[in-house]
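The next block holds one structure in the form of structure tokens; read it before the comments.
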Amino acid sequence: MTRLRRLGCVLGVLVVGSWPTGGGAHAQAPNQTSEPNTPIKHFIVLMQENHSFDNYFGTYPGADGIPPGTCMPVDPFDAKNTTCMEPFHIGDYPIEDLDHSESTSNLQYNNGRMDGFIYALNQRNQDGVSAMGYYDDHELGYYWNIADEYVLFDRFFSSASGGSAINHMYWVAGAPGSESGRVPPGGYGDVPTIFDRLEERGISWKFYIENYDPAITFRTVVPGEDFGNRASQIVWVPLLNYDRYLDDPNLFSKIVNLNEYFEDLENGTLPAVSYMVPSGASEHPPGSIRAGERFVKTLIQALMRSDAWSSSVFMWTYDDWGGWYDHVPPPQVDKYGYGFRVPALMVSPYARRGYIDSTELDFTSPLKFIEENWDIEPLAERDARANSIASGLDFSQPPREPFFISFSREPDKLPAEPRRGVIYIAYGAAIVFAVLMIAIVSITDKNGSDQRTTDPKLRKEDAIS
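Numbering (our numbering), first residue to last: 37 to 501.
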């Protein structure tokens, strides 16, 4: 009987082990696993706001930036008007939120002539000259240092010539989501997203949102009502416009506040795929660029300090060109886009060092990387034919140690871990200094003196909001 029982137990284990785990959309297909095809186990992508490539990196050495002799006509449709404006360093020049509608994009593009940047904004009663402004390493020291050490993409186009809503949909779904390029009144219905594919395969994911308010969804925001910056949440996070993501507790639980990113890094629970959107630190004009740099730096340094660093890719880009000048005519792949170039950078222990990647990319290129890394079927035609951001990675070399990048353009970047000898010397110097101070105070007390030195000049740190 004992042998028969043992045989029965073994057969039971074999039967249970061969039984399908889960059901429906959540069951894994045969011969599929959640293991990646590369050393990258964690892919993180952040979407910032409203800058063109030339606006941020038009003067970066070695990149396809602003051509010499550029002068933008004030009115390209008036042959008698020869007035033109050269690109200029913005510096203290006041800026505003430039119009970046599809109609403005079409005027600026002007059938590929790329000569309507000033004219289009003037038609919107804005200062069209602003479009020709650019930043450089004075304002973007951190981002330029990142480009020096890791990867800068100079052929990364927005997926559509419109604004945020349609481009964020391409980012998560590889498709525009609606014919209007806007959030439909009833949401996005059955349009599949990369997160549906990840769920089907049992691959972990989260959508991190800075200052997340779970109460703001397409069901609660009334069209035309002013919710301020908080209302942008439903535009920047397409999942909040799906019934299934709002009604399924499992799916809804993976749309979280950005604070969880830092907790996941600390606890070793960072998911395989992480999408991120900002709030106040989005760099959306006229917001602070420096605040955006600090925000991105905080995200990257937290990753570098974690155990996940050696198997991660962190990249960020910008959801549209924001009305700013860019000189490269975007390829017209279909009726929606591409739109103008946007900045895009990538940080990883496998990133090519100081590499300018000129592969033609768009917001479906991160999807392409996810799909190839985890053997996932494409979502739509766009991501099926897209190039991957993997062109900026080199897996033939061992993972690089992290570098904590400085805001300064001076060569003062520090390695991730200071040498122990330096620490011991610093401790020793501090002890010697303390002993000397005690001795000086003791001598002063003995001489009956009470002289004190006060420095009236107090150093103040610059605050950039």
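For each residue, glycine too, the CB sits at the ideal point set by N, CA and C.
By the Cβ-count criterion, Tyr96 is buried, with 16 or more other Cβ atoms from all chains shown falling within 10 Å of its own Cβ. Excluding sequence positions up to five before and after Asp393, its CB lies within less than 6 angstroms of the CB of Val187, Phe189, Ser427 and Gly428, all in the same chain and listed in chain order. In this structure, Ala167 sits away from Leu143, with a CB-CB distance that is not shorter than 8 angstroms.
Taking 8 angstroms as the cut-off, the Cβ atoms of Tyr206 and Tyr92 do not count as close. Ala183: member of the alpha helix (DSSP H) spanning Gly177 to Glu185, first to last residue. In this structure, the CA atom of Glu175 is about 10 angstroms from the CA atom of Arg445.
When Cβ pairs closer than 8 angstroms are counted between the two stretches, the segment 156-173 is seen not to touch the segment 71-83, the count staying below three. Only exposed fits Gln433, as fewer than 16 other CB atoms lie within 10 angstroms of its CB. Taken in chain order, the whole beta strand (DSSP E) runs of length 3 or more contained in the segment 365-402 are 380-383 and 391-393. For Gly164, the three-state secondary structure derived from DSSP is helix. In this chain, the beta strand (DSSP E) harbouring Met312 covers Val309 to Val313. Collapsing the DSSP output to three states places Ile245 in a strand. Distance from the CA atom of Thr253 to the CA atom of Glu246, rounded to whole angstroms, is 15 angstroms.
About 5 angstroms separates the Cβ atoms of Asp362 and Asp90, confirming a contact at the 8 angstroms cut-off. Per DSSP, the beta-bridge partners of Gly169 are Phe124. Shown here, Thr140 sits in a helix according to DSSP, grouped into three states. Excluding five sequence positions before and after Val349, the CB atoms of its chain that fall closer than 6 angstroms to its own CB belong to Ile76, Phe79 and Ser384, given in chain order. Going by DSSP, Tyr96 is part of no alpha helix (DSSP H) at all; its letter is neither H nor E. Judged by DSSP secondary structure, Asn73 falls outside any beta strand (DSSP E); it is assigned neither H nor E. Put simply, the segment 119-139 touches the segment 313-331. At least three CB pairs are less than 8 angstroms apart.
By the neighbour-count definition (other C-beta atoms within 10 Å, threshold 16), Pro109 is a buried residue. Under the 10 Å beta carbon count, Thr229 is surrounded by 16 or more other beta carbons and is classified as buried. Membership of Trp207 in the alpha helix (DSSP H) is indicated by the continuous run Ser200 to Ala209. The beta carbons of Lys242 and Pro307 sit closer together than 8 angstroms. The continuous stretches of beta strand (DSSP E) do not include Trp272, which lies in the alpha helix (DSSP H) extending over residues Ser268 to Trp272. The beta-bridge partner set that DSSP reports for Met83 consists of Thr353. For Val219, no alpha helix (DSSP H) run applies, since DSSP gives it neither H nor E. One thing to note: Trp272 has its Cβ within 8 angstroms of the Cβ of Ser200. For Asn303, the enclosing alpha helix (DSSP H) has its first and last residue at Asn295 to Asn303. Counting every other CB atom within 10 Å of its CB across the protein chains shown gives Ser318 a total of 16 or more, marking it as buried.
Shortest Cα-Cα distance from Tyr391 to any of Pro112, Asp398, Met382 and Phe399 involves Met382. Residue state for Met150 is assigned as coil, using DSSP reduced to three classes. In the DSSP assignment, Asp279 falls within the unbroken alpha helix (DSSP H) covering Asp279 to Asp283. If the five residues before and after Glu122 are omitted, its C-beta is found closer than 6 angstroms to the C-beta atoms of Cys107, all from its own chain and listed in chain order. In the DSSP assignment, Lys333 falls within the unbroken alpha helix (DSSP H) covering Ile325 to Arg341. Sequence-distant Cβ neighbours of Leu82 in its own chain, meaning closer than 6 angstroms and more than five residues away, are Met312 and Trp352.
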